[in-house]
Each structure stands twice: as C-alpha cells, then as structure tokens.
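Just so it is clear: in the sequence shown, position 211 is 212 by our numbering, and no numbers are missing. Scroll down for the structure; my scribbles are underneath it.
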Amino acid sequence: MTLMAELFVTTKMKKPMKEVKKVAIHHRHGSFSDIWIEYFLENNIPYVLVNCYDSDIIDRLEGCAGLMWHWDLNDYQAPLMARQLTYSLQQKGVKVYPDFFTSWHYDDKVGQKYLLEAIKAPLVKSYVFFSKNKALQWAETATFPKVFKLRNGASSSNVLLAENREVAKSLIRKAFGKGFAPWNSVRRLDRSISVLKQEKDLVALKRVLAGTVRLAVPKENENLLTREKGYAYFQDFLPGNTFDIRTVVIGDRCFGAKRFCRPGDFRASGSGIFTYNPQCIGEDIVRISFEVAEKLQTQSVAYDFIYDQGEPRIVEISYCFALECCDDTPGYWDKNLYWHEGKMNLQKCIAEDFLQSLHIGKPLAPTKVII
Ligand SMILES: Nc1ncnc2c1ncn2[C@@H]1O[C@H](COP(=O)(O)OP(=O)(O)O)[C@@H](O)[C@H]1O
Ligand SMILES: [Mg+2]
C-alpha cells in the first residue's frame with residue numbers, strides 16, 4: 002500500500018472525534034454568572050471558567066465557542082479593558098455576551114444620547130457640552146429645572162436636579178473644575194436607608210451599616226476610579242413622574258416593572274419600591290422597547306421610561322440590570338405584545354439565547370474544566 006493509500010484508509014477508518022464546543026464563563030460571585038452556571042449544569046452544557054483579567058486570556062480561550070462575561074460598573078477594572086477584550090474576540094470570530102452592539106454604550110449616558118438620537122428613539126431631550134463657556138452660555142437662556150447627570154453611575158446616585166440657573170452654573174463650574182467622584186458615599190447611604198425603610202430586613206440593615214462605615218473608609222477600588230470631568234450633561238426635567246417604567250428586552254421577550262420614586266424625590270431608580278403587575282406597564286412602552294431593541298441589534302437591553310405629557314420617553318439604557326429588578330417577573334410580552342404568564346429567570350433567557358446563537362442547544366455530557 003502506498004503511503005497516500007495508507008493515509009486515506011486510516012483517515013476513513015478512524016472516525017474523527019466530535020469536537021465538544023465549550024463556552025467560557027467569567028465567574029464573578031453576585032453577578033449573572035451565578036445563574037448562567039446553574040443553567041449550564043441543569044442542561045448538561047459544557048463550560049470552562051476563565052478569568053478575563055489574565056494577561057494570556059486570548060490564548061486561554063483558544064478552542065472555546067463563545068465567552069459570557071457579565072462585567073459592570075462595580076468592577077473598576079472592567080471599563081479599562083472589557084470592551085477591548087470582547088471586541089477583539091469578536092474580530093477573531095469568537096461569539097461573546099455582551100457583544101459590541103449590546104455593550105458599547107453601557108454606563109455611558111452621553112454615548113446613549115448620540116445613539117438614541119441617531120436611531121430616532123424617544124429619548125428625553127438631552128444636552129451635552131464639552132466646553133465650560135458653551136455650557137454657561139446655554140445655561141443663561143435655558144429653562145429650569147433641568148436634570149444634571151454624570152455619564153456613569155446607577156441607582157440615581159449621579160443624577161441631580163438643577164432647580165434653577167444658579168445651581169446649573171455651579172454644577173457646570175464643578176464639571177469643568179475639580180469634577181465629581183463617580184461614587185458618592187453619602188448618596189449611596191441615602192439610598193440604602195430608603196431601601197431599609199421599605200424592606201425592614203437584616204440584609205437592608207447590613208447595607209446601611211456597611212454604607213455608614215464606607216463614609217469614613219472608602220472601598221479600595223473606589224480610590225482607583227477616575228473623577229468625572231470635562232463635560233456637562235443635562236436633560237429636560239419631566240415633571241409629575243412619581244415612578245419610572247423599567248423594561249428589559251431579551252430576544253423576543255419583554256419584561257417590565259414599575260418602580261416608584263422615593264418619598265419626596267423625583268428619582269425612582271434604586272428606591273427599592275416596585276411592582277411587577279403587568280397592568281402597570283403601558284402597551285406603547287412594550288412596543289417601543291421591542292422597536293428600539295431591534296434597531297440597536299442588542300442581545301439584551303434594559304430601558305428606563307418616564308412620561309412627557311402622556312408620551313413615553315427613554316431616560317437611559319443598559320445591557321445589564323440589577324438582579325433584584327425583573328428577576329421575579331410573573332411573565333413577559335412577546336413581539337406581538339401577547340402576555341405569557343409564568344415565572345422566568347432573565348439571566349437564564351440570556352444564556353438560552355446565547356447558546357442558540359452558537360447552535361448549542363442539545364444537552365451534552367457535563368464538563369467543567371477550570372483553566
Ligand atoms: N429627565 C428626567 N426627568 C425626570 N425624572 C428623571 C429624568 N431622568 C431621570 N429621572 C429619574 O431619575 C432616575 C435616575 O435616572 P437615570 O438616568 O435612570 O440614572 P441611573 O443610571 O442612576 O438609574 C430615573 O429612574 C427617573 O425616575
Ligand atoms: Mg436608571
């Protein structure tokens with residue numbers, strides 16, 4: 002037998018081993034990965050745990066079908082490299098969650114302003130300035146109150162009311178002067194107290210105690226965050242909103258919650274007071290949520306809506322969301338706006354859709370490799 006023929010027979014006889022596709026998960030306790038891992042185990046889907054902060058992470062992901070990483074503003078390192086890593090992987094042909102369209106505007110309200118304007122989404126009228134003089138000139142003729150926001154932050158911690166021209170001007174001077182700390186310990190404690198008033202449980206009490214300690218001893222990570230400065234971002238203040246509507250679109254499912262403002266406050270985000278009653282969510286909001294998600298080409302998106310004289314307006318978007326909100330939802334709307342009753346887990350929906358995009362649906366033997 003010639004060498005060629007021998008090779009042919011050997012190849013024909015030996016059935017090539019079916020390659021098991023592995024999905025890499027970056028695990029962070031308290032993040033979506035807790036639930037993703039649960040989902041993978043329940044469905045016998047092989048996965049590997051990786052640390053995206055490893056310098057050789059690209060090599061380590063060799064052979065993986067995809068990467069799932071719930072990075073967020075609680076990781077001070079993430080803004081330094083999460084987008085850079087995941088977009089590089091996408092360029093290499095590795096599927097990632099969250100991908101480029103899903104995540105580039107995360108925790109960047111200024112980026113969201115351009116994006117939502119570009120796709121003609123109903124964003125609350127917003128203004129951004131990169132020069133102190135231009136911002137001050139605008140403040141001379143603008144009407145007040147306006148809402149002043151840092152581009153990042155959550156739970157209303159970086160959202161303030163500029164009641165009048167003088168307040169707006171002093172915020173502008175600060176924005177182009179020493180700037181703002183991205184985490185405000187006083188406002189965070191304020192939020193924890195508000196949640197404790199509602200929840201009255203041990204977890205809420207612990208948060209208040211921890212918040213009190215944090216006033217004197219900031220977290221190590223917080224000292225590594227850079228101050229926000231060099232821009233000023235305002236929105237028209239839409240009065241009369243005693244709540245906001247949070248919707249989350251994942252694939253062809255839309256979840257919703259109504260979040261009430263703290264007593265005597267215009268801000269709902271982070272109040273900890275909400276209801277999942279689907280009757281509280283307007284059909285117009287569900288429809289807009291789907292329409293905008295389609296234009297954004299996003300794997301997941303959470304919206305905050307308020308009303309402008311009966312018309313829904315978006316105040317911000319985010320690819321991820323607090324586990325406490327929408328996690329116990331009684332059902333969802335589909336794209337035909339048909340309500341499906343039944344408890345769903347949003348993080349499992351994300352995992353399910355991601356696996357489908359990788360054509361991994363059929364359960365395989367459980368494999369867990371730590372690399
Ligand atoms: N332009 C606005 N007019 C009136 N209320 C607003 C406006 N923007 C935000 N809010 C209120 O403030 C809350 C926090 O604002 P948001 O932009 O969502 O910041 P965060 O990222 O902290 O959640 C919202 O949940 C909403 O209740
Ligand atoms: Mg919000």
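Glycine included, every Cβ here is placed at the ideal spot set by N, Cα and C. Please read all numbers here as calculations on a predicted model, not as lab measurements.
Residue of the options minimising C-alpha distance to residue i
i	options	result
F177	D57, L151 and E164	L151
F345	F256, I274 and S290	For the sequence presented, residue 345 should be read as Met rather than Phe. Answer by Cα proximity: F256.
N242	P264, R254, E229 and E223	P264
K381	D309, E229 and S358	Since the displayed the chain opens at 2 and closes at 372, residue 381 lies outside it and no answer follows.
H28	L50, S319, F291 and V287	L50
G94	L62, T103, Y40 and F322	L62
L190	A169, K170 and A217	A217
E229	L172, E43 and F291	L172
A163	I289, A303, A233 and G67	A233
R192	A66, P183, R268 and K179	R268
S187	K198, L210, Y115 and K170	Per the sequence shown, residue 187 should be read as Val rather than Ser. For the residues K198, L210, Y115 and K170, the minimum Cα distance to V187 belongs to L210.
E292	N337, H106, G212 and H71	N337
K110	V168, Y304 and D329	Y304
G343	W105, Y98, P279 and Y40	P279
Q199	V97, P80 and G273	G273
V97	N185, H106, R84 and G212	R84
R174	K133, N185, I194 and F149	K133
K296	F306, G252 and E43	G252
G231	N224, K179 and R215	K179
C65	Y48, K220 and H30	Y48
Q298	V129, E353, L206 and P99	P99
W105	Y128, W72 and R215	W72
Beta-carbon gap between residue i and residue j smaller than 8 Å
i	j	result
F244	F261	yes
I361	F33	no
E317	Q113	yes
V24	I46	yes
L86	C53	yes
G271	S156	yes
D335	R247	no
I120	Q348	no
K147	F275	no
F181	R166	no
L359	G154	no
L124	I315	yes
P183	L226	yes
Y320	S301	yes
Q91	F101	yes
A140	A122	no
N222	Y77	yes
V204	F322	no
I26	M69	yes
Residue i, buried or exposed, once every other Cβ within 10 Å from all chains shown has been counted against 16
i	result
F355	buried
N159	buried
V196	buried
C281	exposed
F131	exposed
Y339	exposed
K201	exposed
I59	exposed
R208	buried
D329	exposed
P313	buried
T142	exposed
S56	exposed
A6	Because the pLDDT at A6 is just 43, under 50, the model does not fix this residue reliably, and the point stays unresolved.
K259	buried
T213	exposed
L117	buried
P240	exposed
H30	exposed
H341	exposed
L8	Only weak support is given to the placement of L8: the predicted model assigns it a pLDDT of 40, under 50, and the value that follows is read from those uncertain coordinates. L8 comes out exposed.
Suppose only complete runs of 3+ residues qualify. What are the beta strand (DSSP E) ranges in the stretch 287-356, listed by chain order?
301-309, 312-319, 332-334 and 340-342
Please give the ranges of any alpha helix (DSSP H) in the stretch 52-108, keeping only runs that are unbroken, at least 4 residues long and fully inside the region.
58-61, 79-93 and 101-104
Complete runs of the beta strand (DSSP E) confined to the stretch 131-185 [at least 3 residues]:
147-150 and 160-163
What residues sit near ligand 2, counting only those whose C-beta is closer than 6 Å to one of its heavy atoms, in chain order?
S270, D305 and E317
Of all the beta strand (DSSP E) runs that stay within the bounds of the stretch 225-299, which reach a length of 3 or more residues?
233-237, 244-251 and 254-261
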